[in-house]
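Novice:
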Amino acid sequence: MDYKIGVIKGDGIGPEIVTEAMKVLNKIGEVYGHQFYYQEILLGGASIDVYGVPLSDESLQLARESEAILMGSIGGNTTTSPWYQLPPNLRPEAGLLKLRKELGLFANMRPAYLYKELEGACPLKKEISEQGFDLVIMRELTGGLYFGERKTEEIDGVRYATDTLTYNEDEIRRIAIRGFDIARQRRKKLTSVDKANVLDSSRLWREIVTDVAKDYPDVTLEHMLVDNCAMQLVRDPAQFDVILTENMFGDILSDEASMITGSIGMLSSASLRDDPFGLYEPSHGSAPDIAGQNIANPIATILSAAMMLRYSFQLEKEAEAVEKAVQIVLEEGYRTIDIHSDNTKLVGTKEMGDFITKRIL
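Pasting the structure below:
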């Protein structure tokens, strides 16, 4: 089979980690008889440097013509990069928000799994990390505070900044259905996270999620306030199966979840819509301070490519082959610097990609 993949290498470490994921995909193609065709797409700072905008019309069209998108990370140092001297609507992250909105990528899926080999890298107490955990955060991606109206104004000599958080019931219902569908395929438990004791948007969120739950009698639903969820993630992450939440809460909680896996460099991500199209990227940032040094961890991007094989191309065996190769390499003790410890073998970005590629059978 042939597949057309849009590739956004991005900024910072993005080109390095995407290169390793493409290496893995090419090996999958060789072993399983597929051909992957890549179309490079500029986004973020790389696009600003060429087009003066973080997402050009040409790049958006290329994205629409792809069957799926593999992305690295975008952005730079917010203090020193000239990109952040531009108006907010011309900064790198504005391009990503626009891409998600234009492509209708409303559901962000972020698995957080603690490999037994990385228990020592987990910052939680040993008695917690020894239990392990395997959870998924389903984050609504195209609504909420990040997409609401915003303004900064001066009134009577005092500056005011306003950001608007808005959700409608249709937006909540479609992400809730996605969350329950995933929970039904896993351990049949869904935790809906909100701030219903304070926010009207969260009260509507809770009402709609409760209504959707009626169609999933086999899935256990619990509601949890976001501050309690943040605490429970570090106290007992094993209690969670699927966490369903809105855009900003999901942004924060998924970063927290990534760190308890041992490193944010381990967390893959898929942004999905109702058809097989998806955008696949690591959950971490562009890390400009380590770019070009061959020390970034490519595993999150490689696992994101595995998610692409599974969810956009329905290639389950191939996805499992990638995940198994990652597992084998970790069992053999190879580590990039972010997960390195005594008695493990320190390797660079390219070497980690090579080791994983060679173990795909």
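Per full-length UniProt numbering: the sequence shown = residues 1 to 361.
Glycine included, every Cβ here is placed at the ideal spot set by N, Cα and C.
#1: Rounded to the nearest angstrom, what separates residue 161 and residue 150 at their Cα positions?
#2: With a threshold of 8 Å, are at least 3 pairs of Cβ atoms found where one atom belongs to the segment 286-303 and the other to the segment 123-135?
#3: Going straight from the alpha carbon of residue 229 to that of residue 240, what length do you get?
#4: Can you tell me which residues form a DSSP beta bridge with residue 155?
#5: How about the segment 332-350 and the segment 303-317: do they share at least three Cβ pairs that are nearer than 8 Å?
#6: Using DSSP with H/G/I as helix, E/B as strand and the rest coil, what is residue 149?
#7: Span of the alpha helix (DSSP H) holding residue 32?
#8: Could you check which residue in 169, 226, 282, 357 has the C-alpha nearest to that of residue 196?
#9: Over the uninterrupted beta strand (DSSP E) stretch that includes residue 2, give me the two end residues.
#10: Looking only at its own chain, which residues have a Cβ that is under 6 Å from the Cβ of residue 264, when we skip the five neighbours before and after it?
#11: Per the contact definition of three or more C-beta pairs closer than 8 Å, is the segment 165-173 in contact with the segment 264-275?
#12: In terms of alpha-carbon separation, which member of 7, 19, 120, 24 lies closest to residue 324?
#13: Where do the ends of the alpha helix (DSSP H) carrying residue 320 lie?
#14: Rounded to the nearest angstrom, how far is the Cβ of residue 141 from that of residue 100, given a contact under 8 Å?
#15: Alpha carbon to alpha carbon, how far is residue 59 from residue 294?
Specialist: The short version:
#1: Counted from its first residue, the sequence shown places residue 161 at position 161. Counted from its first residue, the sequence shown places residue 150 at position 150. Between residue 161 and residue 150, the C-alpha separation is close to 8 Å.
#2: no
#3: Locating residue 229 in the sequence shown gives position 229, counting from the first residue. Locating residue 240 in the sequence shown gives position 240, counting from the first residue. Looking at the two C-alpha atoms, the distance is approximately 10 Å.
#4: Within the sequence shown, numbered from 1, the residue matching residue 155 stands at position 155. 158.
#5: no
#6: Within the sequence shown, numbered from 1, the residue matching residue 149 stands at position 149. Reduced to three states, the DSSP call for residue 149 is coil.
#7: Looking up residue 32 in the sequence shown gives position 32. Residue 32 -> alpha helix (DSSP H) spans 14-32.
#8: Stepping through the sequence shown from its first residue, residue 196 is reached at position 196. Comparing Cα-Cα distances from residue 196 to each of 169, 226, 282, 357, the minimum goes to 226.
#9: Translated into the one-based positions of the sequence shown, residue 2 becomes position 2. Its beta strand (DSSP E) spans residues 2-10.
#10: By 1-based counting over the sequence shown, the position of residue 264 is 264. Cβ within range, chain order: 258, 284.
#11: no
#12: Mapped onto the sequence shown, residue 324 falls at position 324. That would be 24, whose Cα lies nearest to the Cα of residue 324.
#13: Mapped onto the sequence shown, residue 320 falls at position 320. Residues 316-331.
#14: Counted from its first residue, the sequence shown places residue 141 at position 141. Counted from its first residue, the sequence shown places residue 100 at position 100. Right, their Cβ atoms sit about 6 Å apart.
#15: Sequence index remark: in the sequence shown, residue 59 carries index 59 (1-based). Sequence index remark: in the sequence shown, residue 294 carries index 294 (1-based). If you take the alpha carbons of residue 59 and residue 294, they lie about 28 Å apart.
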